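The structure appears below as structure tokens.
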Amino acid sequence: MSIKIDKERCLGCRQCLSVCPGSLIQPDENNKALIRYPECCWGCASCVKECAVGAISFYLGADIGGRGSRLTVQSAGPLIHWHIEKADGSRQTITVNRQDANQY
Amino acid sequence: MKKELDVIYLTTDFLIIGGGAAGCYAALTLSRESGYSALIAEKAHIKRSGCLAAGVNAINAYIVPGRTPEDYAAYAKKDAEGIVREDLLLTMAQGVNQTVAQLEAWGLVILKDEQGRYVTRGDRNIKINGENIKPILAAAVAQEKQITVLNQVNILNYIVKDNRVYGAYGIGVEDYAFYVISAKTVLCATGGAAGLYKPNNPGFSRHKMWYSPFNTGAGLAMGIRAGAEMTTLEMRFVALRCKDTIAPTGTIAQGVGAKQINALGEIYEQKYGLTTSQRMYGTTRENQEGRGPCYLQTKGLTPEQDNELKKAYLNMAPSQTLKWLESGKNPSEQNVEIEGTEPYITGGHTASGYWVSTDRETTVRGLFAAGDAAGGCPQKYVSGAFAEGEIAARAAKNQMDSLSGCNPTSLPESLAVARQKQALEAILNREPPLFRTEDLEEAMQQIMDTYAGGISASYRFTVSQLDAAAEKIGQLEILSHDLQARDMRELVFVCELKERLTLCASLIAHLRARRETRWPGFAENSDYPQKDDAWLKYVNSKQINGRLAVFCRDLVPQGERYEHQDR
Ligand SMILES: Cc1cc2nc3c(=O)[nH]c(=O)nc-3n(C[C@H](O)[C@H](O)[C@H](O)COP(=O)(O)OP(=O)(O)OC[C@H]3O[C@@H](n4cnc5c(N)ncnc54)[C@H](O)[C@@H]3O)c2cc1C
Ligand code: SF4
Ligand code: SF4
Chain A
102 MSIKIDKERC LGCRQCLSVC PGSLIQPDEN NKALIRYPEC CWGCASCVKE
152 CAVGAISFYL GADIGGRGSR LTVQSAGPLI HWHIEKADGS RQTITVNRQD
202 ANQY
Chain B
1065 MKKELDVIYL TTDFLIIGGG AAGCYAALTL SRESGYSALI AEKAHIKRSG
1115 CLAAGVNAIN AYIVPGRTPE DYAAYAKKDA EGIVREDLLL TMAQGVNQTV
1165 AQLEAWGLVI LKDEQGRYVT RGDRNIKING ENIKPILAAA VAQEKQITVL
1215 NQVNILNYIV KDNRVYGAYG IGVEDYAFYV ISAKTVLCAT GGAAGLYKPN
1265 NPGFSRHKMW YSPFNTGAGL AMGIRAGAEM TTLEMRFVAL RCKDTIAPTG
1315 TIAQGVGAKQ INALGEIYEQ KYGLTTSQRM YGTTRENQEG RGPCYLQTKG
1365 LTPEQDNELK KAYLNMAPSQ TLKWLESGKN PSEQNVEIEG TEPYITGGHT
1415 ASGYWVSTDR ETTVRGLFAA GDAAGGCPQK YVSGAFAEGE IAARAAKNQM
1465 DSLSGCNPTS LPESLAVARQ KQALEAILNR EPPLFRTEDL EEAMQQIMDT
1515 YAGGISASYR FTVSQLDAAA EKIGQLEILS HDLQARDMRE LVFVCELKER
1565 LTLCASLIAH LRARRETRWP GFAENSDYPQ KDDAWLKYVN SKQINGRLAV
1615 FCRDLVPQGE RYEHQDR
């Protein structure tokens, strides 16, 4: 369970650094975000949700059944679009509205 | 170049250590009900720290229409096989609904029916969208001028003199800073402890655990060092969770009513009893007796239910939704495999933590505890953590009112400050020793797993195994004196390991002291495999002159408040 940061997209805003509950992300020499302790990630997705430009994706480690799919998030007002890109390139989006309670 | 720490002195009325559920709610209560200042010291950032980082899925402690706080207390007592503090359960249960109403006013979305009533899940839960529960709390805190938040400050030790607290010491997680914070009263709200035992996924995904891996038992270890009394640490919490992702199962079990089945397809969930620990025990036994793996029977759900489940998990444990997508099979096509987790110490689910008065004051004067750090009051969950934060803040206010004038916040002696600072600087400046922090962490988890009833031991142990565990943990404590850190983040890792070792030693002593098996799914003492009602008492402990003393206390009778008489 961990995250990948796309350096091309990262703006260096440091939002993800500050919200990570384990302080696992640090700035690199170019002031871009770097996941310094990838194996210490809890998988809470806080950083993924915080990144305004979708530079952070989230994946399952191979040891827990990860097969290369990545999850990114795009927030639009109350909506959270969770984009899933599978290893074969296929894509899917699940949209959750923050105003809707869980049915279960 | 020698690394040095800048000393920063701060003063506040009410120091809150840990800005999670209990800490934030306590700060908000104090600022609403008094003119006192509050300072929240948080090791991460209160927007997304602690257990609530990913979100929660329901309010697990709520008094639904037709039920009373007394009913809730009676249920929790039965579930914990009697080892609870009824005064704490009742005062917590009396507070939960009000705190939920407050959260709703701040923006928490709660599911309602056509008449505008909350939709309940079972007898004690209500359904919410808890994805942003932590940002909601943080935003409420940001509105209050009386509250200062220090993010990225990790607290390490209390300032205590003659069994009264005067503040705490901490370090910056990024900055080379040493904080000396003076306060009239202090709240410990650092949550419980994960990472004591070898986790379910010990490799790359070692932190894919249920409880927050960043709650390292700091507050408990600080209390143990300061001579505070702890209770019921031996009632560990082992959770039944989705395999691999260790995501909560309640949404599937209670939400869509999926049954627990073994590999033969037999429903076994009623076979071993209905308490939380008995249900956990059932899965362990089914596996031991060759009927594993076990599952939640989701095959046959509707496509609609599939979709709602995937959304619900995105709101609290997104890895489980990713797992379904990754496997290419929906819950309706494939049962969800379940497993028991490694044991955690968490006073929000079981009764382990600080021994407190009805007002949530610990045995150290002026030091309060709430939420997962406070003992005696299981099944408080998120709303109970709020309620305890409220109770503690009110009691701290009353104490500050009555102390006014005669209790100036006193700074610790400069010698004591220098000693603490130098010890930390030594860790930053020494040569790398043979073992790294992560090596010792792995060793600790291995010892606890093998000798103190971890997953690989099916949560079982013997007294001789516990003695071996105690000896080995003691050796690691000695090795930990030589650990080195290259920067502040690593210094925090070193301190966290030391906290865990301190807590492990106390936990082992508690497990050893209770000579019976009361909660079979959480811990099984093979030398004393039966429940024995001679043990209807609390096992408590405290350090006296550097040595850990373990002793029993009689149950606090129903209907009585509890004040410390002998601290
Ligand atoms: C994955 C998960 C899901 C859950 N789901 C639900 C649910 O659906 N419904 C429900 O009712 N309950 C749920 N709970 C339980 C609930 O979240 C907890 O009981 C509650 O958050 C406890 O509050 P707390 O304030 O004690 O701990 P936390 O909320 O964890 O807060 C502790 C805080 O202390 C900080 N801290 C720790 N050490 C230090 C230190 N040394 N210095 C400074 N700060 C420190 C941490 O960073 C954290 O912010 C869940 C728990 C978990 C782990
Ligand atoms: S939040 Fe996104 S843009 Fe900002 S530093 Fe992190 S990765 Fe870069
Ligand atoms: S997913 Fe959570 S724990 Fe992992 S890096 Fe992001 S914020 Fe940190």
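Residue numbers (the working numbering), protein chains in the order written: chain A, 102 to 205; chain B, 1065 to 1631.
Just so you know, even glycine gets a beta-carbon here, dropped at the ideal spot from N, CA and C.
No experiment lies behind these values; they were computed from the predicted model shown.
N-terminal and C-terminal residue of the alpha helix (DSSP H) that residue i is part of
i              : result
residue 1123/B : Per DSSP, residue 1123/B belongs to no alpha helix (DSSP H); it is in the beta strand (DSSP E), 1120-1123.
residue 1515/B : 1501-1515
residue 1368/B : 1367-1378
residue 1628/B : Run containing residue 1628/B: none; DSSP gives neither H nor E here.
residue 1202/B : 1197-1206
residue 128/A  : Not the alpha helix (DSSP H): residue 128/A falls in the beta strand (DSSP E), residues 126-128.
residue 1283/B : 1282-1289
residue 1310/B : Premise fails: residue 1310/B is in no alpha helix (DSSP H) and is neither H nor E.
Limits of the unbroken beta strand (DSSP E) element including residue i
i              : result
residue 1306/B : 1304-1306
residue 159/A  : 157-160
Cβ-Cβ distance between residue i and residue j below 8 Å
i              : j              : result
residue 1408/B : residue 1437/B : no
residue 1261/B : residue 1486/B : no
residue 1488/B : residue 1069/B : yes
residue 1376/B : residue 205/A  : yes
residue 1301/B : residue 162/A  : no
residue 1451/B : residue 1212/B : no
residue 1309/B : residue 165/A  : yes
residue 1235/B : residue 1566/B : no
residue 175/A  : residue 190/A  : no
residue 1521/B : residue 1572/B : no
residue 1272/B : residue 102/A  : yes
residue 1173/B : residue 1192/B : yes
residue 197/A  : residue 151/A  : no
residue 192/A  : residue 184/A  : yes
residue 1390/B : residue 170/A  : yes
Where residue i meets chain A, residues with beta-carbon distance less than 7 Å
i              : result
residue 1372/B : 204 and 205
residue 1425/B : Neighbours of residue 1425/B on chain A: none; closest Cβ ~28 Å, over 7 Å.
residue 1320/B : 205
residue 1604/B : Here the premise fails: no neighbours, minimum Cβ distance about 31 Å.
residue 1113/B : 122
Chain B residues whose Cβ lies nearer than 9 Å to that of residue i
i             : result
residue 260/A : The structure shown does not extend to residue 260/A, since chain A is modelled only from 102 to 205, so the question has no answer here.
residue 140/A : 1267, 1268, 1269, 1270 and 1271
Beta-carbon neighbours of residue i, restricted to chain B and to distances below 7 Å
i             : result
residue 167/A : 1390
residue 144/A : 1272 and 1383
residue 172/A : 1382 and 1386
residue 157/A : Per Cβ cutoff of 7 Å: no residues; residue 157/A is ~13 Å from chain B at best.
residue 164/A : 1265, 1267, 1268 and 1269
residue 99/A  : Outside the modelled stretch of chain A, which goes from 102 to 205, sits residue 99/A, for which no answer is possible.
Closer than 8 Å at the beta carbon, the chain B residues around residue i
i             : result
residue 67/A  : The structure shown does not extend to residue 67/A, since chain A is modelled only from 102 through 205, so no value can be given for it.
residue 175/A : Residues of chain B passing the Cβ test: none, with the nearest at roughly 13 Å.
residue 123/A : 1108, 1271, 1277 and 1278
residue 191/A : Those do not exist, as residue 191/A stays about 10 Å from chain B at its closest Cβ, beyond 8 Å.
Chain A residues whose Cβ lies nearer than 9 Å to that of residue i
i              : result
residue 1192/B : 202 and 203
residue 1216/B : 119 and 124
residue 1174/B : 202
Proximal residues of chain A, C-beta to C-beta of residue i below 8 Å
i              : result
residue 1376/B : 203, 204 and 205
residue 1558/B : By Cβ distance, chain A contributes nothing, its closest Cβ being about 14 Å from residue 1558/B, past 8 Å.
residue 1315/B : 203 and 205
residue 1553/B : 124, 127 and 137
residue 1237/B : 124
residue 1085/B : Under the 8 Å cutoff, chain A gives no residues; its nearest Cβ is about 13 Å from residue 1085/B.
8 Å Cβ cutoff, residue i in contact with chain D
i              : result
residue 1196/B : Here the protein chains are A and B, and chain D is not one of them.
Distance cut-off 7 Å: residue i Cβ against heavy atoms of ligand 5
i              : result
residue 1144/B : With respect to ligand 5, the structure shown offers nothing to examine, as its ligands consist of ligand 1, ligand 2 and ligand 3.
Item to complete: Indicate whether the contact test is met: 3 or more Cβ pairs, each with one atom in the region 1104-1121 of chain B and one in the region 1074-1083 of chain B, closer than 8 Å.
Response: Segment contact: the region 1104-1121 of chain B against the region 1074-1083 of chain B, three or more CB-CB distances shorter than 8 Å; contact assigned.
Worksheet item: Can you find at least 3 beta carbon pairs, one from the region 1237-1257 of chain B and one from the region 1575-1590 of chain B, that sit closer than 8 Å?
Response: They do not touch, by the three-pair rule.
Worksheet item: Should the region 1287-1295 of chain B be regarded as contacting the region 1516-1535 of chain B, the criterion being three or more beta carbon pairs within less than 8 Å?
Response: Not touching, per the Cβ criterion.
Worksheet item: Counting Cβ pairs, one atom from each stretch, are 3 or more of them under 8 Å apart for the region 1560-1575 of chain B and the region 1277-1293 of chain B?
Response: Enough Cβ pairs lie closer than 8 Å, so yes.
Discussion item. I want to know whether the region 1244-1264 of chain B touches the region 1391-1398 of chain B - three or more CB-CB distances under 8 Å.
Written reply: Too few Cβ pairs lie closer than 8 Å, so no.
Item to complete: Answer yes if the region 1126-1141 of chain B comes into contact with the region 1188-1204 of chain B, meaning at least three C-beta pairs across the two stretches below 8 Å, and no otherwise.
Response: Flag = yes, the region 1188-1204 of chain B and the region 1126-1141 of chain B touch.
Discussion item. Contact between the region 1223-1231 of chain B and the region 1085-1092 of chain B is defined here as three or more beta-carbon pairs at a separation below 8 Å; is this criterion met?
Written reply: Output reads no: the region 1085-1092 of chain B does not touch the region 1223-1231 of chain B.
Worksheet item: Do three or more CB pairs link the region 1583-1594 of chain B to the region 1338-1354 of chain B at distances below 8 Å?
Response: The region 1583-1594 of chain B is in contact with the region 1338-1354 of chain B.
Item to complete: Decide if the region 1537-1551 of chain B is in contact with the region 1492-1507 of chain B; the criterion is three or more beta carbon pairs, one per stretch, under 8 Å apart.
Response: Yes, the region 1537-1551 of chain B touches the region 1492-1507 of chain B.
Worksheet item: Is the region 1357-1367 of chain B touching the region 1318-1326 of chain B, taking contact as three or more C-beta pairs under 8 Å?
Response: Cβ pair count under 8 Å is three or more, so yes.
Worksheet item: When the Cβ atoms of the region 111-119 of chain A are set against those of the region 133-153 of chain A, are three or more pairs found closer than 8 Å?
Response: Contact between the region 111-119 of chain A and the region 133-153 of chain A is present, because at least three Cβ pairs lie under 8 Å.
Worksheet entry | Inter-stretch contact at 8 Å, needing at least 3 Cβ pairs: the region 1149-1167 of chain B / the region 1613-1624 of chain B | Put simply, the region 1149-1167 of chain B touches the region 1613-1624 of chain B. At least three CB pairs are less than 8 Å apart.
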